[in-house]
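*Asks:* The structure's right below; bear with me while I get my questions together.
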Amino acid sequence: MDTIAVIDFETTGISPEHGARATEIAAVLVRDGVVVDRYQSLMNAGAWVPPFIEALTGISNEMVRAAPPAAKVMREVADFVGGHPMAAHNASFDRKFWDAELARAGRSRTQDFACTMLLARRLLPHAPNHKLGTLVEFAGLPVAGRYHRALADAEMAASLLVRLEDELVARFRLGAVTHGLLCEIQGMPARELDRFIRSGTTSGVRARFFAR
Numbered sequence: 001m002d003t004i005a006v007i008d009f010e011t012t013g014i015s016p017e018h019g020a021r022a023t024e025i026a027a028v029l030v031r032d033g034v035v036v037d038r039y040q041s042l043m044n045a046g047a048w049v050p051p052f053i054e055a056l057t058g059i060s061n062e063m064v065r066a067a068p069p070a071a072k073v074m075r076e077v078a079d080f081v082g083g084h085p086m087a088a089h090n091a092s093f094d095r096k097f098w099d100a101e102l103a104r105a106g107r108s109r110t111q112d113f114a115c116t117m118l119l120a121r122r123l124l125p126h127a128p129n130h131k132l133g134t135l136v137e138f139a140g141l142p143v144a145g146r147y148h149r150a151l152a153d154a155e156m157a158a159s160l161l162v163r164l165e166d167e168l169v170a171r172f173r174l175g176a177v178t179h180g181l182l183c184e185i186q187g188m189p190a191r192e193l194d195r196f197i198r199s200g201t202t203s204g205v206r207a208r209f210f211a212r
């Protein structure tokens, strides 16, 4: 299986397009179902942390002011991630901040993102909802720490990713699950998943995804 970099941001708001900035990032590398390396740092983007965000995350303005500059942190975490394919829970959120903060640091993204929320909607449709905390409880996964802190959330998203890969292997008797297959699955209607997998029509690269 691919080594995948699972990331999580804590931020001052919902979107960098509306002025929100990152306050913390974590990335964990997952290989063969195991987290093999970790990166975490608070980051000072010169932004104010609203009181409701501080209450949610526990990250204060004082903590952010003492943190390394955001551009330095982004260059470090980009080097840590390297060329590995990426994943996040609700990846559309983290991808926006990754791209925006990376651009401010003079870098750009080349990898696609897999989204554990979209994958869970297709593979664990009977979960009460598809928030990270709900899925961790529903799947019986370990709680890695306080929710809404980057490293704990990245660790739990990584555990969820492994659980979803195991579900695919067990349900469809796959020989391996690649990041490319995950990205294909997350983009299709849930009702088409069984037909898609069982047909073996994965962009012409059946041998990479399916047991012989």
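In this text, residue positions in the sequence shown follow UniProt numbering: the first is 1, and each later residue adds one. Ideal Cβ positions, reconstructed from N, Cα and C, are used throughout, including at glycine. Every value quoted in this text rests on a predicted model; they were computed, and no experiment measured them.
1) Kindly indicate which residue of Leu123, Arg122, Met117 has the alpha-carbon position closest to the one of Gly133.
2) Alpha carbon to alpha carbon, what distance is there between Asn129 and Ala55?
3) Which one of Met74, Met43, Lys72 has the shortest CA to CA distance from Ile59?
4) Can you give me the start and stop residues for the alpha helix (DSSP H) that Ala170 sits inside?
5) I need the DSSP call for Leu124, collapsed to helix, strand or coil.
6) Between Pro51 and Arg191, what straight-line distance do the alpha-carbon atoms span, to the nearest angstrom?
7) How about residue 253 and Ala5: are their beta carbons less than 7 angstroms apart?
8) Which of helix, strand or coil does DSSP assign to Ser12?
9) Helix, strand or coil: how does DSSP classify Glu17 here?
*Replies:* According to the data block:
1) Ranking the options by Cα distance to Gly133, first place goes to Met117.
2) Using only the alpha carbons, I get a separation of about 23 angstroms.
3) For Ile59, the nearest C-alpha among the options comes from Met43.
4) That run of the alpha helix (DSSP H) goes 150-172.
5) Looking at Leu124 - three-state DSSP - the assignment turns out to be coil, as it is neither helix nor strand.
6) Those two C-alpha atoms are separated by around 42 angstroms.
7) No statement about residue 253 is possible, as the shown extent of the chain runs from 1 to 212 and does not include it.
8) What sits at residue 12 in the sequence shown is Thr, not Ser. Thr12 carries a coil assignment under DSSP once its states are collapsed to helix, strand and coil.
9) The answer is helix: DSSP assigns Glu17 an H, G or I state.
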